[in-house]
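Residue numbers (this note's numbering), protein chains in the order written: chain A, 11 to 125; chain B, 4 to 111. All C-beta atoms, glycine included, are put in the ideal place defined by N, C-alpha and C.
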Amino acid sequence: DSGVTQTPKHLITATGQRVTLRCSPRSGDLSVYWYQQSLDQGLQFLIQYYNGEERAKGNILERFSAQQFPDLHSELNLSSLELGDSALYFCASSVVGGGYQETQYFGPGTRLLVL
Amino acid sequence: ILNVEQSPQSLHVQEGDSTNFTCSFPSSNFYALHWYRWETAKSPEALFVMTLNGDEKKKGRISATLNTKEGYSYLYIKGSQPEDSATYLCAFGDKIIFGKGTRLHILP
Numbered sequence: 011d012s013g014v015t016q017t018p019k020h021l022i023t024a025t026g027q028r029v030t031l032r033c034s035p036r037s038g039d040l041s042v043y044w045y046q047q048s049l050d051q052g053l054q055f056l057i058q059y060y061n062g063e064e065r066a067k068g069n070i071l072e073r074f075s076a077q078q079f080p081d082l083h084s085e086l087n088l089s090s091l092e093l094g095d096s097a098l099y100f101c102a103s104s105v106v107g108g109g110y111q112e113t114q115y116f117g118p119g120t121r122l123l124v125l
Numbered sequence: 004i005l006n007v008e009q010s011p012q013s014l015h016v017q018e019g020d021s022t023n024f025t026c027s028f029p030s031s032n033f034y035a036l037h038w039y040r041w042e043t044a045k046s047p048e049a050l051f052v053m054t055l056n057g058d059e060k061k062k063g064r065i066s067a068t069l070n071t072k073e074g075y076s077y078l079y080i081k082g083s084q085p086e087d088s089a090t091y092l093c094a095f096g097d098k099i100i101f102g103k104g105t106r107l108h109i110l111p
């Protein structure tokens, strides 16, 4: 158990809908990263937040957004969902996030199925 | 577009044998290289973060080396055990580009 929690574990929704995935980092970690694991693309970095501020952006679609709250939990919002958004979404955290040089601890993931 | 290649894609190793596999990355503007171990139905587990050319890191029977000038890192597993069966991923740079992984199967 890495200490990173993600909810929900599974989510089934329809095309066009909007969902919110939630992540709580390890106690004391200031940085949160979001990743997408899809069958055809492998594991892809989406976005990083550090202490409430966006720190780095990867291959995140405009339909997706994220934020990190004062208590350091983070939410990933996916809107206008398409079939291709079906994937496993991971959150990871690290202590500071100066960062790619730091160990990241992954949560268990949220499996999203868009029908 | 940065390219991170891992080879081989898949590997079958007899229990007790040692093995190694490769992660290749662009040799310019190196920042950091991460190795992860990913077991089926679990989440990726960090093994090493490598930052300096010539770095060698070790964790039990697993070790890794880094050559930033030529753009590769090796992961070694000594005396493979069934619990080593997993996919090993490397991730490169500040954009955290992942390779597609090496899937390791340990044969009893």
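The beta strand (DSSP E) with residue i in it runs from where to where?
i	result
R40 (chain B)	36–41
F74 (chain A)	74–78
I109 (chain B)	105–110
T15 (chain A)	15–17
T30 (chain A)	29–34
I99 (chain B)	No beta strand (DSSP E) holds I99 (chain B); DSSP gives it neither H nor E.
T23 (chain A)	20–23
V106 (chain A)	Counting along the chain, V106 (chain A) falls outside any beta strand (DSSP E), and DSSP gives it neither H nor E.
Q17 (chain B)	13–17
L136 (chain A)	Because chain A here runs from 11 to 125, residue 136 (chain A) falls outside it and cannot be looked at.
N87 (chain A)	84–88
Given residue i, which residues of its chain have a CB within under 7 Å of its CB, disregarding the five upstream and five downstream residues?
i	result
D39 (chain A)	S103, S104, V105
C93 (chain B)	V7, Q9, C26, L36, H37, W38, S76, G102
Q84 (chain B)	E18, I109
Y34 (chain B)	G96, D97
Find the nearest neighbour of residue i within the set the options, judged by alpha-carbon distance.
i	options	result
L31 (chain A)	A:K19, A:S41, A:A24	A:K19
E48 (chain B)	B:Y75, B:G82, B:R40	B:R40
N32 (chain B)	B:E86, B:T71, B:G82	B:T71
F116 (chain A)	A:D50, A:T25, A:F55, A:L21	A:F55
L123 (chain A)	A:N69, A:Y99, A:G13, A:L71	A:Y99
G74 (chain B)	B:K61, B:I80, B:T90, B:G57	B:G57
P29 (chain B)	B:I99, B:Q12, B:T43	B:I99
L53 (chain A)	A:Q111, A:D11, A:Y43	A:Y43
Across which residues does DSSP place residue i in a beta bridge pair?
i	result
S48 (chain A)	A:G52
E64 (chain A)	A:Y59
V7 (chain B)	V7 (chain B) is not bridged to any residue.
E48 (chain B)	B:R40
T25 (chain B)	B:S10, B:Y77
I65 (chain B)	B:K62, B:I80
F116 (chain A)	A:A102
Within a Cβ cutoff of 6 Å, which residues of the same chain sit near residue i, ignoring the five residues on either side of it in sequence?
i	result
Q27 (chain A)	L91
S34 (chain A)	T15, H83
In chain order, what residues of the same chain lie with their CB nearer than 8 Å to the CB of residue i, ignoring the 5 residues before and after it?
i	result
P111 (chain B)	E18, P85
Practice problem: Could you please tell me which residues of the segment 63–75 of chain A, in chain order, have their CB closer than 8 Å to any CB of chain B? | Solution: A66, G68
Quiz item: For the segment 72–98 of chain A, which residues have a beta carbon sitting closer than 7 Å to at least one beta carbon of chain B?
Solution: none
Self-check item: Short-range partners of chain B found in the segment 20–41 of chain A, where Cβ spacing is below 7 Å
Solution: none
Self-check item: Where the segment 63–75 of chain B meets chain A: residues whose CB sits under 9 Å from a CB there
Solution: none
Practice problem: Mind checking the segment 111–122 of chain A against chain B and listing, in chain order, the residues whose C-beta falls within less than 8 Å of any C-beta there? | Solution: Q111, E112, T113, Q114, Y115, F116, G117, P118, G119
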